[in-house]
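This report concerns only the one structure given below.
Protein chains in written order, with my numbering: chain A, 1 to 336; chain B, 337 to 672.
See below:
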């Protein structure tokens, strides 16, 4: 049975939604969750939900006294050996868990996952791979979504290989149909900045490479994997969240402005719910950190229970698909 | 009376919507439009609309035999002296018009505006300043939205000064309340890539500088002017357009799926129209190229008549506000 270590501390809304999401996953799927954090915060939630916990149960509590606060710097993470993220990471490192899920301090999660789990041979920089909604049934993947602000062309080539392997093994996209695009300011080969132009030249030889793609291609289903530096990835992610939340806010105000419109809003409740489900980050769970030797999923600090439940499922799929081994094989054959 | 030169050739949907938008503006406001392009394309539209044209009318046709196609390279633009964009730019250069509006080949428009109208003293690189909808009543401005893919920190400081002057003089934002942010992957000073970190240090001394802002801040009204390199600006712009159009597409499909929902959609027609008006690029007209010595507005290639009409109004506001002189003064006092 797969065992998933969940860091329950340091998220925006405290331990409760994290614990609730993890136990929902442990009930629904054949897996065990190791809840890492302050037992004073965890045990009451388990008691309230009537969930048995212990070494032989589906839910186990791993107590620790410290955690990294959101406002703290990631540089201390390696020294804080009693922190929840350090202990959760080491459970995976020591083979006591198969994957890590953390909605806590993402800088610390990245550092510890990179340094304690180790980089796959051939990977210069692990990258955050975020799933994005599209107008088709298949999400697209963007990486790097924020781990590396300044990148070299070779890093982006590595991101392309890792994204391709993730699309193939975890997402189950048909091998020969996977299209990887390079995020740029125009589709023509001549477009791009210094970084993307140099990357284009390196990616040209890969059969999965589709060429440059633009910001709107993230959502229109024209491409499966989008590679970029982590600075650009973060910008488009945040801008996309901003547009989506602004539209929802404007629409809510408009609907509230008259009784007839409120009736209209009621009739469209299901339509809005489906739209929300399609664009809600909670449905995607979290973002795998690709390039480390074991499975690590970085979740949003504001994750609700549904997001954490989905992040555990995502971790399970990554374990089942042996994505880390796949990536290691790809690098061994490409670079070896 | 202000005279606006409109390049009517080379846009995505031909000359008709461009001519229609320009004549609508000339009817509605005290101004004259000079329609630059092939008279065989322009005159039938004028005839159809019953619009008189000529030297002493509000509408004048400036015939030319050539134009730059979208798929052509901008490098030839300086040699194509009979092209509509060359002639339209030179009408402004020679004082026969006060401002340029072009929905045609944007690379050519930028090159010609920069080289024929000239850069303002102290400006290293002119920048495209795009207005963005926010959840408040005031749009925000992002620059550079695509003119300069690779930038130096000093360029971004210049963009900040130009954006501030535009917000103040053309948008009429209250001088002391204008907030300029630097687009980055986090709000803390420690966040950013090499370019933005170096820029942050330079911008720190300016009273209008608010610090780093993130992608979502473009839309939430927390800042008036957002500066970034043209590569990043283009990415967030295209991503934003993509999210907005995907949401609209998903919602349309959802509404069509049942008669009750279609009724709901009908009741919300006004709400959707208001939302569209708020996020529609056509309402903003076009993007001024700031840093050149005269007013130049770059419009979307897919501009409809409404977008061109608004672009002409934007040009008029820029002329009335003497934005080029204001920018020149700001550079003379800051850098002099």
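C-beta: ideal position from N, C-alpha, C; glycine also.
Item                                                                                                                       : Value
Meets three-Cβ-pair contact criterion under 8 angstroms: the region 433-451 of chain B and the region 199-212 of chain A   : no
Interface residues of the region 417-447 of chain B facing chain A [CB-CB below 7 angstroms]                               : none
Test item: CB-CB of residue 343/A and residue 124/A under 9 angstroms                                                      : With chain A covering only 1 through 336, there is no way to say anything about residue 343/A.
Beta bridge counterpart(s) of residue 130/A as assigned by DSSP                                                            : 142/A
Distance CB(residue 45/A)-CB(residue 6/A) smaller than 9 angstroms                                                         : no
Chain-ordered residues of the region 472-495 of chain B with a beta carbon less than 7 angstroms from chain A              : 482, 485 and 486
Stretch pair the region 185-200 of chain A + the region 565-572 of chain B: three plus CB contacts closer than 8 angstroms : yes
Beta carbon proximity, residue 413/B to chain A, threshold 9 angstroms                                                     : no
Residue 37/A, enclosing beta strand (DSSP E) - first and last residue                                                      : 31-37
Backbone secondary structure at residue 456/B - three-state DSSP                                                           : coil
Assigned secondary structure, residue 523/B (DSSP; H/G/I helix, E/B strand, else coil)                                     : coil
Identity of the residues DSSP links to residue 66/A by a beta bridge                                                       : 83/A
Buried versus exposed, by CB contacts within 10 Å (16 or more), residue 596/B                                              : exposed
Enclosing beta strand (DSSP E) for residue 210/A [first to last residue]                                                   : 209-213
Within 7 angstroms of chain A by C-beta, residues of the region 381-408 of chain B in sequence order                       : none
Alpha carbon of residue 586/B to alpha carbon of residue 489/B, nearest angstrom                                           : 40 angstroms
Segment limits, beta strand (DSSP E) that includes residue 4/A                                                             : 2-7
Pairwise C-alpha distance: residue 162/A and residue 319/A                                                                 : 15 angstroms
Own chain residues within Cβ distance below 7 angstroms of residue 338/A, not counting five before or after                : The shown model of chain A, from 1 to 336, leaves out residue 338/A, and the question about it has no answer.
Cβ-Cβ distance between residue 666/B and residue 525/B below 9 angstroms                                                   : no
The region 612-624 of chain B in contact with the region 462-471 of chain B per 3-pair CB rule at 8 angstroms              : yes
Cross-strand partners of residue 632/B (DSSP beta bridge)                                                                  : 436/B
Chain B residues whose Cβ lies nearer than 7 angstroms to that of residue 254/A                                            : 607, 610 and 611
Closest residue to residue 167/A among 39/A, 326/A and 21/A (Cα-Cα distance)                                               : 326/A
Coil, strand or helix - residue 11/A by DSSP                                                                               : coil
Collapsed DSSP secondary structure at residue 604/B in the structure displayed                                             : coil
Same chain, Cβ closer than 8 angstroms to residue 236/A, neighbours up to 5 away in sequence not counted                   : 142, 183, 215, 218 and 228
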